[in-house]
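Comments concern the structure below.
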Amino acid sequence: MKLYFSEVTDLDTTQKKRSFRIYIDNNPPKSEPIIPPYGKVTEMLINYTASSNTSFSLVSTLDSTLPPLTMPWKSFLLAIL
Numbered sequence: 085m086k087l088y089f090s091e092v093t094d095l096d097t098t099q100k101k102r103s104f105r106i107y108i109d110n111n112p113p114k115s116e117p118i119i120p121p122y123g124k125v126t127e128m129l130i131n132y133t134a135s136s137n138t139s140f141s142l143v144s145t146l147d148s149t150l151p152p153l154t155m156p157w158k159s160f161l162l163a164i165l
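Last residue of the sequence shown: 165 (this note's numbering), numbering continuous.
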């Protein structure tokens with residue numbers, strides 16, 4: 085799964101912060117906290133075998149003042165034909 089993150093607002097970082105972690109099926113985070121960069125894109129690749137019951141959550145860190153913001157996600161289904 086590829087995830088893309090970018091900050092859409094030039095934040096005053098002394099007052100506002102957007103920081104979050106990715107949880108899959110409510111398990112421990114799959115990454116360090118993500119702080120999306122303004123004017124740039126951070127790309128993340130997670131190698132995970134998912135099913136139709138898999139849940140993905142973006143959860144704000146304790147020091148975040150803004151909620152997570154999503155960009156495009158790509159998930160691929162591989163099958164043997």
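By construction, the Cβ of each residue, glycine as well, lies at the ideal position given by its N, Cα and C atoms.
Legend entry - Span of the beta strand (DSSP E) around Ser136: Here Ser136 belongs to no beta strand (DSSP E), and DSSP marks it neither H nor E.
Legend entry - Bridge partner(s) assigned by DSSP for Leu150: Arg102
Legend entry - Reference Ala134, options Ile108, Leu150 and Glu91, closest by Cα: Ile108
Legend entry - Nearest-angstrom beta carbon gap, Arg102 and Leu142 [assumed within contact, 8 Å]: Going by Cβ atoms, the distance from Leu142 to Arg102 rounds to 10 Å, so no, they are not a contact pair.
Legend entry - CB-CB length for Pro120 against Thr126, believed under 8 Å: 6 Å
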